[in-house]
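**Q** This is the structure, below, for whatever I ask next.
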Amino acid sequence: MEVKRVKQILSSPADIEVKYNGTSVWIDQLNEDGRTATVHLRGPLEERTIVEINELTEA
């Protein structure tokens, strides 16, 4: 996924499904380096992980 699309998803009120390694995640923020984002799994777990944005896909 490109930085521009990550920013659009973060600013959108819509529920846009994003996947990381085939698992649905929420994007919490785009990190300052512009290459990574902080995400967490959709569901009851709030564990956050930093991932490369190029590994994110829009479902």
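Counting in the numbering used here, the sequence shown runs from 52 upward without gaps. Where a beta carbon is used, it is the ideal one built from N, C-alpha and C, also for glycine.
(1) Is the beta carbon of S62 less than 8 Å from the beta carbon of E68?
(2) In terms of residue numbering, what span does the alpha helix (DSSP H) encompassing I60 cover?
(3) Can you check whether the CB of R86 is closer than 8 Å to the CB of I104?
(4) Count the other CB atoms, across all protein chains shown, that sit within 10 Å of the CB of V54; report buried if there are 16 or more and exposed otherwise.
(5) To the nearest angstrom, report how far apart A110 and G73 are at their CA atoms.
**A** Let me spell this out:
(1) no
(2) 54-62
(3) yes
(4) With fewer than 16 Cβ atoms within 10 Å of its Cβ, V54 is classed as exposed.
(5) The alpha-carbon atoms of A110 and G73 are separated by roughly 9 Å.
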